[in-house]
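There are 2 protein chains.
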Amino acid sequence: MSAAISGSAVYPVELQRQVDAYLEGIRFSSESATARLEEAMRHSLLAGGKRIRPVLALATSEALGRAPEDVLPFAAAIEMIHTYSLIHDDLPAMDDDALRRGKPTCHVVYGEDVAILAGDGLFAEALRLALTEQQGPPMGIIAAARALTAAAGVDGMVGGQYLDVTAQGASDAAGLRRLHELKTGRLIAASVECVVLLCGASGPATIGLGRFAAELGVVFQIVDDILDVTGDDDELGKPSGTDERHGRRTYVSEYGLERARELARESHAEARAALTGAGGSTERLEQIADYILTRQT
Amino acid sequence: MSAAISGSAVYPVELQRQVDAYLEGIRFSSESATARLEEAMRHSLLAGGKRIRPVLALATSEALGRAPEDVLPFAAAIEMIHTYSLIHDDLPAMDDDALRRGKPTCHVVYGEDVAILAGDGLFAEALRLALTEQQGPPMGIIAAARALTAAAGVDGMVGGQYLDVTAQGASDAAGLRRLHELKTGRLIAASVECVVLLCGASGPATIGLGRFAAELGVVFQIVDDILDVTGDDDELGKPSGTDERHGRRTYVSEYGLERARELARESHAEARAALTGAGGSTERLEQIADYILTRQT
């Protein structure tokens, strides 16, 4: 076992189970002719994983005094968008990865054409689900959907992936941080932000939660970079050393392993501090932050 | 000149100009590092074309007694989603087309990785734009966004493209009609449906407009199949005979050229008849229907 950072944290598995059960129950179509497309979408969507983003959404709902399950449609939509981005990132024209979470990637099983469409389909169905099933004030739903699409767009996930594949803008430490802020950070932040908007929350709580989510994205990415170097293939469910193979700048290549670990701890402390200012029942958000810092995979 | 169906129709170019000007003015990001991604998105989005879908949306607004420009954000979003689907359809793993509207396709100019991301980016930015800029009752905006994502999803565009690339379900005439209904028809229908929902219209007008939109999608596809056989490469802006090259079943391969022309005329007559029941100022919708039947490219 080669932990990124020593220690172990309790993860809110009951929220994870709620998310898994909800995702498992989603059907995209009743049409038999597109059954294999749906199978490809479910192959990637139900490949396991900690469901960090939707679990964050559910925990944020709880922190704001609501039932976690109230935001399941949006939480599931966020996981579907995350999954679509993984399918496209793994494509031969992008990172060309054959393994993800210990399973063959979508294009390896279903072919490149179906994998592209499975990603496209998950994106469309994510928003359709959120806009169909989410209960709450209409203005909150519109604001949350807007935040989610912004996080997925050019100033978010897609822009970050563009910077990554073209190695644009990662020429210095600020560029590196910006790349990851767009590629990973914006969607993690949106997992919290969407719920704040859905619940129509305002005041200090929203500011604290916003700062928490932003720092959490940074912790997540630094630990990801550390695990790519120190991780075990079997535990990671994908080959380690991918970043080096692609000649990518990472927090580790930029700062070295020890300094990267320090940076992760610093951002984690900032995230926890931001929660203190937020008030409410933030125990599970704290658990998620601790888990992200100390995760092994 | 080899017209699909003889005759010529007046096209509402003033609406097309409004759409073009609006699309031209959209900026996706102020970030310089992603400028080339934005350039790739604009390369395909601003490649010209008749803008049939957004022009339909504007004409529907007029038919319902509103100003055409009231629905520009949603109209533009529909064109952006259409463009994203063209970029992905043209990819080497899909139809592998090098030319579109007389210009090299996105992946030929910017590479496959950037083209995939340009498509993904257009989809996200389309919804972001609609959810940010569209004015009107919140419930109408949610309903319209839901209709749009449904038309883009597994029971729509993505499902239809899946049926097309895998040649699933096109084994008979009903399968062929279903394929095109999903791949092309649903987004054309959504161009009308979204505006009905945005405007909160109800009653006979909405039923008539719904029937009109559904038949119009059929006319569009039959004429597309005819033009692929009879069209001139220079006029089409892409190589004709693509369907035959891909061994696709089309209305022409299924029914022959003459019967296909008859079917197009029949669906066009149905579409026009549906408008009569809709009431309102439907002159421009009629013009669009006539144009779709008699277009040369």
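Top line first, the protein sequences correspond to chains A and B.
Be aware that the first sequence starts at 3, since it is given in my numbering, and climbs by one per residue.
Be aware that the second sequence starts at 3, since it is given in my numbering, and climbs by one per residue.
Think of the CB as a built atom: it goes at the ideal place given N, C-alpha and C, for glycine as much as any other residue.
Since the structure is predicted, the reported quantities are computational estimates derived from the model, not experimental observations.
Verify whether the separation of the beta carbon atoms of residue i and residue j is less than 9 Å.
i              : j              : result
S46 (chain B)  : L74 (chain B)  : no
E288 (chain B) : R274 (chain B) : yes
L2 (chain A)   : G158 (chain A) : Only positions 3 to 299 of chain A appear in the structure, and residue 2 (chain A) is not among them; the question remains open.
A78 (chain B)  : Y24 (chain B)  : yes
L200 (chain B) : F76 (chain B)  : yes
A80 (chain B)  : L150 (chain B) : Per the sequence shown, the amino acid found at residue 80 (chain B) is Ile instead of Ala. Contact: yes.
K156 (chain B) : M82 (chain A)  : Just to set this straight, residue 156 (chain B) is Val in the shown sequence, not Lys. Contact: no.
A207 (chain A) : L66 (chain A)  : yes
L39 (chain A)  : G161 (chain A) : no
R251 (chain A) : L184 (chain A) : no
A262 (chain B) : I228 (chain B) : yes
P70 (chain B)  : L17 (chain B)  : yes
E272 (chain A) : E217 (chain A) : yes
A145 (chain B) : A191 (chain B) : no
Apply the 10 Å Cβ neighbour rule to residue i and answer buried if 16 or more other Cβ atoms are within range, or exposed otherwise.
i              : result
F19 (chain A)  : For clarity, residue 19 (chain A) is Arg in the given sequence; the question names Phe instead. Exposed.
G27 (chain B)  : exposed
M141 (chain A) : exposed
P56 (chain B)  : buried
D292 (chain A) : buried
G187 (chain B) : buried
S269 (chain A) : buried
G249 (chain B) : exposed
Y13 (chain A)  : buried
S4 (chain A)   : The predicted model places S4 (chain A) with a pLDDT of 46, which falls under 50 and marks its position as unreliable, so this point remains unresolved.
R297 (chain B) : buried
G219 (chain A) : buried
V116 (chain A) : buried
G210 (chain B) : buried
Roughly how many angstroms separate the alpha carbons of residue i and residue j, rounded to a whole number?
i              : j              : result
G50 (chain B)  : A95 (chain B)  : 25 Å
G279 (chain B) : L58 (chain B)  : 18 Å
R2 (chain A)   : V254 (chain A) : Residue 2 (chain A) is absent from the model: chain A starts at 3 and stops at 299.
C108 (chain B) : G121 (chain A) : 19 Å
Y164 (chain A) : S283 (chain A) : 38 Å
E2 (chain A)   : E127 (chain B) : Past the edges of chain A, shown from 3 to 299, lies residue 2 (chain A), and the structure says nothing about it.
V21 (chain B)  : V194 (chain B) : 15 Å
G138 (chain A) : A203 (chain A) : 12 Å
G243 (chain A) : D99 (chain A)  : 12 Å
A37 (chain A)  : S31 (chain A)  : 8 Å
T134 (chain B) : A147 (chain A) : 10 Å
L101 (chain B) : R267 (chain A) : 51 Å
S10 (chain B)  : F214 (chain B) : 20 Å
H90 (chain B)  : D97 (chain B)  : 9 Å
D72 (chain A)  : K52 (chain B)  : 44 Å
Y257 (chain B) : I143 (chain B) : 41 Å
Y86 (chain B)  : L93 (chain B)  : 11 Å
E41 (chain B)  : H84 (chain B)  : 17 Å
F125 (chain B) : D166 (chain A) : 20 Å
E114 (chain B) : S34 (chain A)  : 31 Å
P106 (chain B) : D245 (chain B) : 19 Å
V15 (chain B)  : Q136 (chain B) : 23 Å
R29 (chain B)  : S173 (chain B) : 43 Å
I290 (chain B) : G205 (chain B) : 23 Å
G104 (chain B) : V110 (chain B) : 13 Å
Y112 (chain B) : G281 (chain A) : 48 Å
Q223 (chain B) : G212 (chain B) : 17 Å
Write down the C-beta distance between residue i and residue j rounded to the nearest angstrom, noting that I regard them as a contact closer than 8 Å.
i              : j              : result
V221 (chain A) : L259 (chain A) : 16 Å between Cβ atoms; not a contact.
T168 (chain A) : G233 (chain A) : Wrong, their Cβ atoms sit about 26 Å apart, outside the cutoff.
V225 (chain B) : I294 (chain B) : 6 Å
L119 (chain B) : L129 (chain A) : That belief does not hold up - the Cβ atoms of L119 (chain B) and L129 (chain A) are roughly 18 Å apart, past 8 Å.
Could you give the uninterrupted runs of the alpha helix (DSSP H) lying entirely in the stretch 142 to 225 of chain A, keeping only those of 4 residues or more? 159 to 168, 175 to 182 and 188 to 200
4 or more residues per run - each alpha helix (DSSP H) lying fully within the stretch 20 to 56 of chain B: 37 to 47
Identify each residue in the stretch 122 to 145 of chain B for which the Cβ-Cβ distance to at least one residue of chain E is less than 7 Å, and report them in chain order. Reference to chain E is not applicable here, since the protein chains of this structure are A and B.
Whole runs of the alpha helix (DSSP H) within the stretch 62 to 131 of chain A, excluding any shorter than 4 residues: 74 to 92 and 108 to 112
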